[in-house]
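Undergrad: Residue numbers (this note's numbering), protein chains in the order written: chain A, 208 to 586; chain B, 208 to 586. All C-beta atoms in this analysis are idealised placements derived from N, C-alpha and C, irrespective of residue type, glycine included. Got a structure for you, written out below as structure tokens; questions coming shortly.
Number of protein chains: 2
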Amino acid sequence: MTANAASGLVTPQKIPFETPLVLENGQTLPRFDLMVETYGTLNADKSNGVLICHALSGNHHVAGRYSADDKYPGWWDSMVGEGKPIDTERFFVVGLNNLGGCHGSTGPLSENPANGRDYGADFPMVTVKDWVKSQALLADYFGISQWAAVVGGSLGGMQALQWTIDFPARVRHALVIASAPKLSTQNIAFNDVARQAILTDPDFCGGHYAREGKIPKRGLRIARMMGHITYLAEDGLGKKFGRDLHPDGLQYGYGVEFQVESYLRYQGDKFSERFDANTYLLMTKALDYFDPAAAFGGNLTRALQHVEAGFFVASFSTDWRFAPDRSHELVKALVAAQKSVQYIEVKSLHGHDAFLMEDEAYMRAVAAYMDNIAKEDEA
Amino acid sequence: MTANAASGLVTPQKIPFETPLVLENGQTLPRFDLMVETYGTLNADKSNGVLICHALSGNHHVAGRYSADDKYPGWWDSMVGEGKPIDTERFFVVGLNNLGGCHGSTGPLSENPANGRDYGADFPMVTVKDWVKSQALLADYFGISQWAAVVGGSLGGMQALQWTIDFPARVRHALVIASAPKLSTQNIAFNDVARQAILTDPDFCGGHYAREGKIPKRGLRIARMMGHITYLAEDGLGKKFGRDLHPDGLQYGYGVEFQVESYLRYQGDKFSERFDANTYLLMTKALDYFDPAAAFGGNLTRALQHVEAGFFVASFSTDWRFAPDRSHELVKALVAAQKSVQYIEVKSLHGHDAFLMEDEAYMRAVAAYMDNIAKEDEA
Chain A
208 MTANAASGLV
218 TPQKIPFETP
228 LVLENGQTLP
238 RFDLMVETYG
248 TLNADKSNGV
258 LICHALSGNH
268 HVAGRYSADD
278 KYPGWWDSMV
288 GEGKPIDTER
298 FFVVGLNNLG
308 GCHGSTGPLS
318 ENPANGRDYG
328 ADFPMVTVKD
338 WVKSQALLAD
348 YFGISQWAAV
358 VGGSLGGMQA
368 LQWTIDFPAR
378 VRHALVIASA
388 PKLSTQNIAF
398 NDVARQAILT
408 DPDFCGGHYA
418 REGKIPKRGL
428 RIARMMGHIT
438 YLAEDGLGKK
448 FGRDLHPDGL
458 QYGYGVEFQV
468 ESYLRYQGDK
478 FSERFDANTY
488 LLMTKALDYF
498 DPAAAFGGNL
508 TRALQHVEAG
518 FFVASFSTDW
528 RFAPDRSHEL
538 VKALVAAQKS
548 VQYIEVKSLH
558 GHDAFLMEDE
568 AYMRAVAAYM
578 DNIAKEDEA
Chain B
208 MTANAASGLV
218 TPQKIPFETP
228 LVLENGQTLP
238 RFDLMVETYG
248 TLNADKSNGV
258 LICHALSGNH
268 HVAGRYSADD
278 KYPGWWDSMV
288 GEGKPIDTER
298 FFVVGLNNLG
308 GCHGSTGPLS
318 ENPANGRDYG
328 ADFPMVTVKD
338 WVKSQALLAD
348 YFGISQWAAV
358 VGGSLGGMQA
368 LQWTIDFPAR
378 VRHALVIASA
388 PKLSTQNIAF
398 NDVARQAILT
408 DPDFCGGHYA
418 REGKIPKRGL
428 RIARMMGHIT
438 YLAEDGLGKK
448 FGRDLHPDGL
458 QYGYGVEFQV
468 ESYLRYQGDK
478 FSERFDANTY
488 LLMTKALDYF
498 DPAAAFGGNL
508 TRALQHVEAG
518 FFVASFSTDW
528 RFAPDRSHEL
538 VKALVAAQKS
548 VQYIEVKSLH
558 GHDAFLMEDE
568 AYMRAVAAYM
578 DNIAKEDEA
């Protein structure tokens, strides 16, 4: 497929879907593209497909590099590749940019067929359920009737979970990592502050900033800075920066004084230059809305009753955005629904971001689980 | 004094200080006013004075009401008053608005004698040490050579602690509540995001918004919304709002959908209309800079070696902005320095804000400690 195994180089492809997609909010997308990357080879009976769902700011570029001198590999290159926990010598791995994204899939930056202009604020609100629906069409495109596994961290884990509920027969295994069956009140509150920072940025222009030649960078920067704090563990942040001063030292002013300020502002600046504000807004809303138990009177066990997939659930000790307790909720409901589940709680200093890091116990647990999946398939 | 005991009505007074005040950053304030409220009566030997130091957004209006139909009493009315834990029938209680404040004391909104315009961004950065220095001049004004107690929560607790270090002979007791001997990296990080929201608001005008007829409300609103989340406990927020929807219900849009959004935006709006942005900025900087151990090679025990005051330290179980661990650091250092200390860890659902709430165990502990102080004095 698109990955060149010999060189480790990968090429994204844009896949068009010309049938209308009815969304959960009642609106219809007349057509859409999904930007996709694949790694490894789909086997003859098309049983080794693994779907990787991305989190808030992720995309289709999961692994590999675009050129020999490409400095940065895909966002989960430690996890996906030859001989890696999700081994592309055994699995056909699919990464995509979600609908509403800003990395090539149809989203707010795309042309609205209704008027030939960019969607901007007119792009419809999409939900985790909508993403899963579009991903099922992507599976059809590849001729994959059942994924060996659907895998994701954070918001990606929510998609993996939704897959098992909406298409029970199409998922053999779900790997739900650093995620939750729904956001907490505090999660929603942080998301709302992030959105308000963007929505009240004068350059937001009601969401039609692109056609005004503007970018609401200030708001996006603040949103990312705040988000970033919540992705990191208090302890990890302390160990990394402490109260260390920037080389410029104490100035009794509002420039950079502490190293952590320099780090955060840099993260915010970088993000505000590469990410689309409308996409950020709708991704956070998809997070807020996610609550598969709601349709079952809040009973998650009942929501899971028809699930056929086996589950691998992982959480990280210092993750306070999606704390281990939130994974416990899912594990308990799966056990109560008599589903197969393996759970690991990983000791880590990296907070929520730990799911992207190379912790050995974590990598080995995923590798072992994926190895069993491959063996099932070979058996 | 200014409190009318019979009616519970109080009147603030502005006290002028016409001598220059040299600040920690090397700048000098040529003169300053402190806005003050007092409650109770100073005894003949002036030994029953209690100073209340305020936190980030507090002021001199600690207790009582301004008129019979005044809906809102002072911010610590539950703690300070006749028959209350800090009993104004026994103590002469002094509340003040700190230097740099926006409630009547000299601050960014005041006239700069150098040019007859408002200070705005030209108001010098003040530190906890500077506040304590100005409060010592306030003690002199009242003829109080030694406070029976200096009391404060959060940033207020930092002032109480600094008092015991800078003026050991002038403080008999320090009540340090929901505070810390210095901010954590995460605390500084949150403060920096709040400041960046204000500093990058186009209406901030480099801090001279007042003379431009503008107010950086957007930034102040975002800062407060974010701050508010960190003042509340995750559990408390969940119990109060859960995922409850606003009466307008789900609209798949960016209006208010969840009740917690309505609450937070209201808090942000209200704050942005009543608080000065430059004051907010400098108060957060005073928090960041506070680190009395720094001058002693980071050794807090050594910083406390000449302290004469007895300490009452309190923390709250769900406070994650100034977690119990941070109070433990202070308690351990006090014990190591062989100082007298009583410590209480209060179970509460109210997070950092718990120090302002009427938890029974907490109120009784403060009342008992204050009762002992009064008895010492009478003995």
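(1) My output table needs one value for B/A501: the three-state DSSP class, helix, strand or coil.
(2) Specify the secondary structure class of B/T392 as computed by DSSP and reduced to three states.
(3) Could you tell me which uninterrupted beta strand (DSSP E) segments, each at least 3 residues in length, are contained entirely in the stretch 454 to 527 of chain B, listed from first to last along the chain?
(4) Measuring only the C-alpha atoms, how far is B/K267 from B/D284?
(5) For the stretch 232 to 242 of chain B against the stretch 330 to 339 of chain B, do three or more pairs of beta-carbon atoms, one drawn from each stretch, fall closer than 8 angstroms, so that the two count as touching?
(6) Measuring alpha carbon to alpha carbon, tell me which residue in A/A275, A/G290, A/I222, A/N305 is nearest A/C260.
(7) Measure from the alpha carbon of B/F298 to the alpha carbon of each residue in B/S254, B/G307, B/Y473, then state which is nearest.
(8) Cβ atoms of B/A404 and A/I395: under 8 angstroms apart, would you say?
(9) DSSP on A/C260, reduced to helix/strand/coil?
(10) Determine the direct distance from the alpha carbon of B/W338 to that of B/N579, and round the result to whole angstroms.
(11) Label B/Y279 either buried or exposed according to how many other C-beta atoms from any shown protein chain fall within 10 Å of its C-beta, with 16 as the threshold for buried.
(12) Compute the Euclidean distance between the alpha carbons of B/F518 and B/V573, then round it to the nearest angstrom.
(13) On the three-state DSSP scale, how would you describe B/M564?
(14) I'd like the list of long-range same chain contacts for A/G271, defined as Cβ closer than 8 angstroms, with 5 residues on each side in sequence excluded.
(15) Strictly under 8 angstroms for the Cβ-Cβ distance: is A/D455 near chain B by that measure?
(16) My understanding is that A/L507 touches A/P388, with C-beta atoms under 8 angstroms, so please give their C-beta distance in whole angstroms.
(17) I need the straight-line Cα distance from A/H513 to A/E552, nearest angstrom please.
(18) Would B/S264 count as contacting chain A if we go by Cβ distances under 8 angstroms?
(19) For the putative contact between B/Y190 and B/G558, defined by C-beta atoms under 8 angstroms, what is the C-beta separation to the nearest angstrom?
(20) Classify B/I222 as helix, strand or coil using the three-state DSSP reduction.
(21) Can you give me the Cβ contacts of A/I384 inside the same chain, cut-off strictly under 6 angstroms, excluding the 5 residues immediately before and after it?
(22) Quick one: which residues of the stretch 319 to 344 of chain A get their C-beta closer than 8 angstroms to a C-beta of chain B? List them in chain order.
(23) Quick one: Cα of A/P227 to Cα of B/E464, how far?
(24) For a contact meaning CB atoms closer than 8 angstroms, what does B/G445 contact in chain A?
(25) Hey, does B/A210 have any beta-carbon neighbour from chain A nearer than 8 angstroms?
(26) Just to confirm the assignment: which complete beta strand (DSSP E) runs, minimum length 3, are found wholly within the stretch 532 to 565 of chain B?
(27) Would you give the residue range spanned by the alpha helix (DSSP H) that A/M433 belongs to?
(28) Between A/L390 and A/D495, which are expected to be in contact by the criterion C-beta below 8 angstroms, what is the C-beta distance as a whole number of angstroms?
(29) Less than 6 angstroms between C-beta atoms, sequence neighbours within five positions excluded: which residues of the same chain meet that for B/A212?
(30) Quick one: list the residues of chain B neighbouring A/M433, beta-carbon separation under 7 angstroms, in chain order.
(31) Per DSSP, which one or two residues make a beta bridge with B/V243?
(32) Applying the 10 Å Cβ sphere with the 16-neighbour rule, what's the burial state of A/Y569?
(33) Quick one: Cα of A/L457 to Cα of B/K582, how far?
(34) Sorted by chain position, which residues of the same chain lie with C-beta nearer than 8 angstroms to B/M432's C-beta, five sequence neighbours on each side aside?
(35) Under 8 angstroms between beta-carbons, which chain B residues line up against A/T407? List them in chain order, please.
(36) Is A/V573 helix, strand or coil when you go by DSSP?
TA: With the structure as the only source:
(1) Shown here, B/A501 sits in a helix according to DSSP, grouped into three states.
(2) B/T392: helix per DSSP, three-state reduction.
(3) Listed in chain order, they are 517 to 523.
(4) Correcting the residue type first, residue 267 of chain B is His in the shown sequence and not Lys. Each residue's alpha carbon lies about 12 angstroms from the other.
(5) Using a Cβ-Cβ distance cut-off of 8 angstroms, the stretch 232 to 242 of chain B and the stretch 330 to 339 of chain B are in contact, since at least three pairs of beta carbons, one from each stretch, lie closer than that value.
(6) Nearest option by C-alpha distance: A/N305.
(7) It is B/S254.
(8) Result no, Cβ atoms of A/I395 and B/A404 do not sit closer than 8 angstroms.
(9) Correct three-state label for A/C260: strand.
(10) Distance between the alpha carbons of B/N579 and B/W338: 28 angstroms.
(11) Result: exposed.
(12) Taking the Cα positions, B/F518 is about 11 angstroms away from B/V573.
(13) Residue state, collapsed to three classes: coil.
(14) Excluding positions up to five away in sequence, the list reads A210, G215, L216, V217, E244, Y246, P280, G281, D284, G288.
(15) Put simply, the CB of A/D455 is far from chain B, with every gap to its CB atoms at 8 angstroms or more.
(16) The distance from the Cβ of A/L507 to that of A/P388 is about 5 angstroms, consistent with a contact at the 8 angstroms cut-off.
(17) Rounded to the nearest angstrom, the two C-alpha atoms are 26 angstroms apart.
(18) Not flagged as an interface residue toward chain A: B/S264, since no C-beta distance is shorter than 8 angstroms.
(19) Look at the range of chain B in this structure, 208 to 586, and you will see that residue 190 of chain B is not part of it.
(20) Three-state result, B/I222: strand.
(21) Here the set comprises G360, G364, A521, F562.
(22) Of all residues in the stretch 319 to 344 of chain A, those with a C-beta nearer than 8 angstroms to a C-beta of chain B are P331, M332, reading in chain order.
(23) Roughly 28 angstroms separates the two Cα atoms.
(24) Against chain A, a Cβ distance below 8 angstroms from B/G445 picks out S391, T392, Q393.
(25) Legend: pLDDT at B/A210 = 48, less than 50; position of this residue unreliable, no value from coordinates given.
(26) Correct list: 548 to 553.
(27) Bounds of the alpha helix (DSSP H) holding A/M433 are 424 to 438.
(28) Between the beta-carbon of A/L390 and that of A/D495 there is about 6 angstroms, and that keeps the pair under the 8 angstroms contact cut.
(29) Any reading at B/A212 needs caution, since the residue's pLDDT is 49, under 50, leaving its predicted position unreliable; the model's value is listed next. Excluding residues within five positions, none has a Cβ falling inside 6 angstroms.
(30) Neighbours of A/M433 across chain B, judged by C-beta separation under 7 angstroms: V400, M433.
(31) B/Q220, B/L303, per the DSSP bridge assignment.
(32) Per the 10 Å Cβ criterion, buried.
(33) Going by the C-alpha atoms only, they are around 45 angstroms apart.
(34) Here B/M432 has L471, R472, Q474, G475 as same chain residues with Cβ atoms under 8 angstroms from its own Cβ, once five neighbours each way along the sequence are excluded.
(35) R425, R428, I429, listed in chain order.
(36) Here A/V573 sits in helix by DSSP.
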